[in-house]
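Student: Just remember that the numbering used here sits 116 ahead of the position in the sequence shown, which is counted from 1.
Once you've had a glance at the structure underneath, I'll fire off some questions.
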Amino acid sequence: MAELELTTEVAEVIDARALEEVVRFTSELIRIDTTNRGGGDCAERPAAEYVAERLGEVDIDATLLERDPGRTNVVARIAGTDPSAPALLVHGHLDVVPAEPADWSVHPFSGDVRDGVVWGRGAIDMKNMDAMVLAAVRAWARAGVRPRRDIVLAFTADEEDSAEAGSGFLADEHAELFEGCTEGISESGAFTFHAGNGIRLYPIAAGERGTAWLKLTARGTAGHGSKVNRDNAVSRLAAAVARIGEHRWPVRLTPTVKAALTEIAALRGVKAEVDAADFEADVDVLLAELGPAAALIEPTVRNSANPTVMEAGYKVNVIPGSATAYVDGRIVPGGEEEFHTTLDRLTGPDVDWEFHHRSPALQAPPDSPVFAAMRAAVQHFDPGGHAVPYCMSGGTDAKQFSRLGIVGYGFSPLRLPEGFDYQALYHAVDERVPVDALHFGVRVLDHFLRRA
Numbered sequence: 117m118a119e120l121e122l123t124t125e126v127a128e129v130i131d132a133r134a135l136e137e138v139v140r141f142t143s144e145l146i147r148i149d150t151t152n153r154g155g156g157d158c159a160e161r162p163a164a165e166y167v168a169e170r171l172g173e174v175d176i177d178a179t180l181l182e183r184d185p186g187r188t189n190v191v192a193r194i195a196g197t198d199p200s201a202p203a204l205l206v207h208g209h210l211d212v213v214p215a216e217p218a219d220w221s222v223h224p225f226s227g228d229v230r231d232g233v234v235w236g237r238g239a240i241d242m243k244n245m246d247a248m249v250l251a252a253v254r255a256w257a258r259a260g261v262r263p264r265r266d267i268v269l270a271f272t273a274d275e276e277d278s279a280e281a282g283s284g285f286l287a288d289e290h291a292e293l294f295e296g297c298t299e300g301i302s303e304s305g306a307f308t309f310h311a312g313n314g315i316r317l318y319p320i321a322a323g324e325r326g327t328a329w330l331k332l333t334a335r336g337t338a339g340h341g342s343k344v345n346r347d348n349a350v351s352r353l354a355a356a357v358a359r360i361g362e363h364r365w366p367v368r369l370t371p372t373v374k375a376a377l378t379e380i381a382a383l384r385g386v387k388a389e390v391d392a393a394d395f396e397a398d399v400d401v402l403l404a405e406l407g408p409a410a411a412l413i414e415p416t417v418r419n420s421a422n423p424t425v426m427e428a429g430y431k432v433n434v435i436p437g438s439a440t441a442y443v444d445g446r447i448v449p450g451g452e453e454e455f456h457t458t459l460d461r462l463t464g465p466d467v468d469w470e471f472h473h474r475s476p477a478l479q480a481p482p483d484s485p486v487f488a489a490m491r492a493a494v495q496h497f498d499p500g501g502h503a504v505p506y507c508m509s510g511g512t513d514a515k516q517f518s519r520l521g522i523v524g525y526g527f528s529p530l531r532l533p534e535g536f537d538y539q540a541l542y543h544a545v546d547e548r549v550p551v552d553a554l555h556f557g558v559r560v561l562d563h564f565l566r567r568a
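Here it is in structure tokens:
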């Protein structure tokens with residue numbers, strides 16, 4: 117017992133070297149172009165080899181795994197001091213979305229560090245988190261300390277597309293590597309959100325809406341563009357797309373969203389009767405009273421379906437026999453039946469729809485010991501901040517790892533200055549992260565991971 121107490125309550129081990137490394141690793145990972153254009157057009161292997169080398173330098177054995185050539189994943193396990201404790205998964209993806217250099221202030225794969233900021237594609241999503249994890253576990257190795265529970269590290273391919281070559285492949289084909297893992301942490305949580313009136317929130321993701329990317333197909337009679345045609349596939353598709361785009365989805369509140377509303381409303385001095393029978397009817401009124409913090413919650417109180425792509429025809433004077441559209445649908449936990457029924461009604465009898473890609477909605481308890489440990493770690497380094505639960509509007513690799521019974525949280529801590537719009541930088545031009553935010557993040561991760 118004395119040894120366990122020593123290893124879990126030791127002084128912080130994040131030293132000057134670890135702080136230097138987290139910045140350098142972020143920059144160097146950005147310089148490795150792992151653009152995922154979809155359809156298998158990506159090669160994460162150079163980044164995976166980089167990660168494996170950094171782990172190997174401190175005698176952490178890493179396994180490289182591929183379903184497809186060049187689509188490489190890295191998995192490693194760090195033994196904890198308490199063999200009876202369940203393992204914790206820490207995962208981050210290595211791929212990034214495309215970036216057009218001409219649109220950027222700096223080259224998106226330069227990894228430049230300017231005026232205390234690291235620039236480039238992946239600085240936020242999510243090579244920063246990959247770097248923080250590497251810096252933290254290397255600091256443990258140098259200091260000779262271990263976490264309480266086993267930590268399984270997974271650096272994945274293909275998160276920015278289907279995840280089939282990444283976390284999906286790992287969950288389906290290499291489940292044994294994640295034996296004992298009960299919870300996992302990854303991106304999109306514990307970043308500073310300035311909520312007005314001097315309130316600093318650190319929203320920790322305890323849920324994700326499900327992904328429901330749809331393909332719509334309308335069929336009709338092909339013909340000459342100058343002729344009357346009551347069986348026009350383009351017209352049918354356009355009408356269905358318009359109905360979907362204009363639909364107002366009803367409020368459906370999950371426990372995580374109710375917890376977020378309750379805590380944020382209390383911090384804003386607003387009364388929120390989340391358990392009242394008619395509360396759902398008043399959610400929009402409450403959101404209007406939450407100031408900037410409403411942006412955290414508004415996307416997750418309903419299902420959504422946004423038309424994104426339409427494809428039809430090949431010549432202006434030819435009516436095509438078919439037309440296709442794609443819709444980005446997102447489903448709140450428990451909202452699947454409503455989503456199906458509503459899409460059937462909105463598309464009507466003349467337009468078929470199917471899932472182009474789907475993954476489940478997730479919920480994680482915001483009152484769990486793991487959540488409490490994350491909250492404590494954040495508030496240890498920012499005592500004036502408030503860690504609160506929230507539900508992500510999008511999704512992460514946690515969806516695939518949930519197939520193994522792993523409960524996923526979003527926890528990649530960053531302390532950000534007022535005016536720095538973290539969420540707006542996802543997949544955006546001039547993606548960047550402050551050096552100070554990386555320093556904060558690696559300290560918080562170390563504190564949490566060794567005490568969880």
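A virtual CB, placed ideally from N, CA and C, is assigned to each residue, including glycine.
Restricting to runs no shorter than 3 residues, where is the beta strand (DSSP E) found entirely within the region 166–243?
Tutor: For the region 166–243, whole beta strand (DSSP E) runs of length 3 or above, ordered along the chain, are 178–182, 188–194, 203–209 and 233–235.
Student: So Q516 and A287 are in contact, right, with Cβ under 8 Å, and what is the actual spacing, rounded?
Tutor: Mapped onto the sequence shown, residue 516 falls at position 400. Mapped onto the sequence shown, residue 287 falls at position 171. 5 Å between Cβ atoms; contact.
Student: Would you identify the three-state DSSP class for A428, choosing helix, strand or coil?
Tutor: Within the sequence shown, the letter at position 312 stands for residue 428. A428: strand per DSSP, three-state reduction.
Student: Once you ignore the five residues that flank L402 on each side, which residues in its own chain have a CB closer than 8 Å to its CB?
Tutor: Locating residue 402 in the sequence shown gives position 286, where the first residue counts as 1. Closer than 8 Å at Cβ, skipping near neighbours: L377, A381, V386 and A388.
Student: How is the alpha helix (DSSP H) around A105 delimited, first residue to last?
Tutor: There is simply no residue 105 to check, as the chain begins at 117 and stops at 568 in what is shown.
Student: Which one or two residues does DSSP pair with P423 in a beta bridge?
Tutor: For this step, residue 423 is matched to residue 307 along the sequence shown. DSSP, once it has assigned bridges, lists V443 as partnering P423.
Student: Hey, which unbroken runs of the beta strand (DSSP E) at 3 residues or more fall wholly within the region 450–501?
Tutor: Fully enclosed beta strand (DSSP E) runs of 3 or longer: 467–475.
Student: Is P366 helix, strand or coil when you go by DSSP?
Tutor: On the sequence shown, residue 366 is found 250 positions in, with the first residue counted as 1. P366 falls in the coil class under three-state DSSP.
Student: Using a threshold of 8 Å, state whether the C-beta atoms of E275 and D513 are closer than that.
Tutor: Looking up residue 275 in the sequence shown gives position 159. Looking up residue 513 in the sequence shown gives position 397. Yes, Cβ-Cβ distance for E275 and D513 is below 8 Å.
Student: Would you say the region 308–326 touches the region 422–429, given that touching needs at least three Cβ pairs under 8 Å?
Tutor: They do not touch, by the three-pair rule.
Student: Rank R567, E547, V443 and G300 by C-alpha distance to the C-alpha of V229 and give the top, closest one.
Tutor: Here residue 229 is taken as the residue at index 113 of the sequence shown, counted from 1. Comparing Cα positions, the closest option is E547.
Student: Between P415 and chain C, is the shortest Cβ-Cβ distance under 8 Å, so that the two count as touching?
Tutor: The structure shown contains no chain C; it holds only a single protein chain.
Student: Is the region 363–379 touching the region 468–486, taking contact as three or more C-beta pairs under 8 Å?
Tutor: Contact holds: three or more Cβ-Cβ distances are below 8 Å.
Student: I think H207 touches A270, with their Cβ atoms under 8 Å apart; what is that distance to the nearest whole Å?
Tutor: As a first step, residue 207 is located in the sequence shown; it is residue number 91 there, counting from the start. As a first step, residue 270 is located in the sequence shown; it is residue number 154 there, counting from the start. That pair is a contact at about 4 Å.
Student: Return yes when the Cβ of E405 is within less than 8 Å of the Cβ of R384, no when it is not.
Tutor: Residue numbering aside, residue 384 sits at position 268 when the sequence shown is read from its first letter. Residue numbering aside, residue 405 sits at position 289 when the sequence shown is read from its first letter. In this structure, E405 lies closer than 8 Å to R384 by Cβ.
Student: Would A252 and R183 qualify as a contact pair, given that the criterion is a beta-carbon distance under 8 Å?
Tutor: Taking the sequence shown and counting its residues from 1, the one referred to as residue 252 is at position 136. Taking the sequence shown and counting its residues from 1, the one referred to as residue 183 is at position 67. Their beta carbons are not under 8 Å apart, which means A252 does not touch R183 by this criterion.
Student: Starting from K331, trace the beta strand (DSSP E) in both directions and tell me its first and last residue.
Tutor: One-based indexing of the sequence shown puts residue 331 at position 215. That run of the beta strand (DSSP E) goes G326 to R335.
Student: Please report the straight-line C-alpha distance between H496 and A488, rounded to a whole angstrom.
Tutor: As a working mapping, residue 496 is identified with position 380 in the sequence shown. As a working mapping, residue 488 is identified with position 372 in the sequence shown. Roughly 12 Å between the two C-alpha positions.
Student: Cβ of A273 within 8 Å of Cβ of R187?
Tutor: For the purposes of this step, residue 273 is taken as the residue at position 157 of the sequence shown. For the purposes of this step, residue 187 is taken as the residue at position 71 of the sequence shown. Yes, the pair counts as a contact, with Cβ atoms nearer than the cut-off.
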